[in-house]
Amino acid sequence: MKVIIEKNFEHEGETYEPGETVDLPEEIAEEAIEKGYAKNAEEIEDEIEIEPGSEVDTSSERSEEEGFPEEVSMPGEKERKEEGESGVWEELDGELDEQSRSPAWRPEEVGDQLLGEVTRTGRGPNGRLLEVQTPEGEKYVLWEKVALQDLFDRVKAGDKIGVRFLGEEESSSGRSYYNYRTALKKG
Numbered sequence: 001m002k003v004i005i006e007k008n009f010e011h012e013g014e015t016y017e018p019g020e021t022v023d024l025p026e027e028i029a030e031e032a033i034e035k036g037y038a039k040n041a042e043e044i045e046d047e048i049e050i051e052p053g054s055e056v057d058t059s060s061e062r063s064e065e066e067g068f069p070e071e072v073s074m075p076g077e078k079e080r081k082e083e084g085e086s087g088v089w090e091e092l093d094g095e096l097d098e099q100s101r102s103p104a105w106r107p108e109e110v111g112d113q114l115l116g117e118v119t120r121t122g123r124g125p126n127g128r129l130l131e132v133q134t135p136e137g138e139k140y141v142l143w144e145k146v147a148l149q150d151l152f153d154r155v156k157a158g159d160k161i162g163v164r165f166l167g168e169e170e171s172s173s174g175r176s177y178y179n180y181r182t183a184l185k186k187g
């Protein structure tokens, strides 16, 4: 049964955080709903209309120490062939030397923005993420939020992005969320 997590809880060694939509065995899902840890996702979808770029759960914070992804995508084979075989191996060797833990980007004030090139895309313990290198050379991890889902669906390593924090807003259903404006230039 698909549920939307409302409060942190653990089941069989897996930690679930608020805002996540997960598929649990029916018995476990019903118990989580009964205890107030989750809501039935199908019932929620019937109650509210979800628009792209709207609600984002603001209650769960991502740790800067969570490491880098279990899955990673890199520029496609076409770009690599242009560099030649030796260029590929040099690039891979360089990536092995890079620091794999970049701090999470956390805007603090309305108008804060992240501009840069996506150096890696992947999936970490808390969902999809992008590693973004700014023009100044700093790297940040941008975690996916509902308001950023469209960007995450379209972006690939090598693309240039801009993300501006628009602040905390309230949806028509009364839930608060962080909103963002995004821009994308394909690499």
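Counting with the UniProt record's numbering, you get residues 1 to 187 for the letters of the sequence shown.
Just so it is clear, CB atoms sit at the ideal spot from N, CA and C, and this is done for glycine as well.
- Put simply, the backbone Cα of Glu170 is about 4 Å away from that of Ser176.
- The Cβ atoms of Leu129 and Glu144 sit closer than 8 Å to each other.
- Judged by DSSP in its simplified three-state form, Leu151 adopts helix.
- When DSSP states are grouped into helix, strand and coil, Asp93 belongs to the helix group.
- Around the C-beta of Leu92, fewer than 16 other C-beta atoms lie within 10 Å, and the residue is accordingly described as exposed.
- For Glu31, the enclosing alpha helix (DSSP H) has its first and last residue at 26–34.
- Within the same chain, Cβ atoms closer than 6 Å to the Cβ of Gly162 are found at Leu115, Ala183, the five residues on either side in sequence being excluded.
- A direct Cα-to-Cα measurement between Glu17 and Pro125 gives close to 11 Å.
- Here Glu6 is near Ala38, since their CB atoms are less than 8 Å apart.
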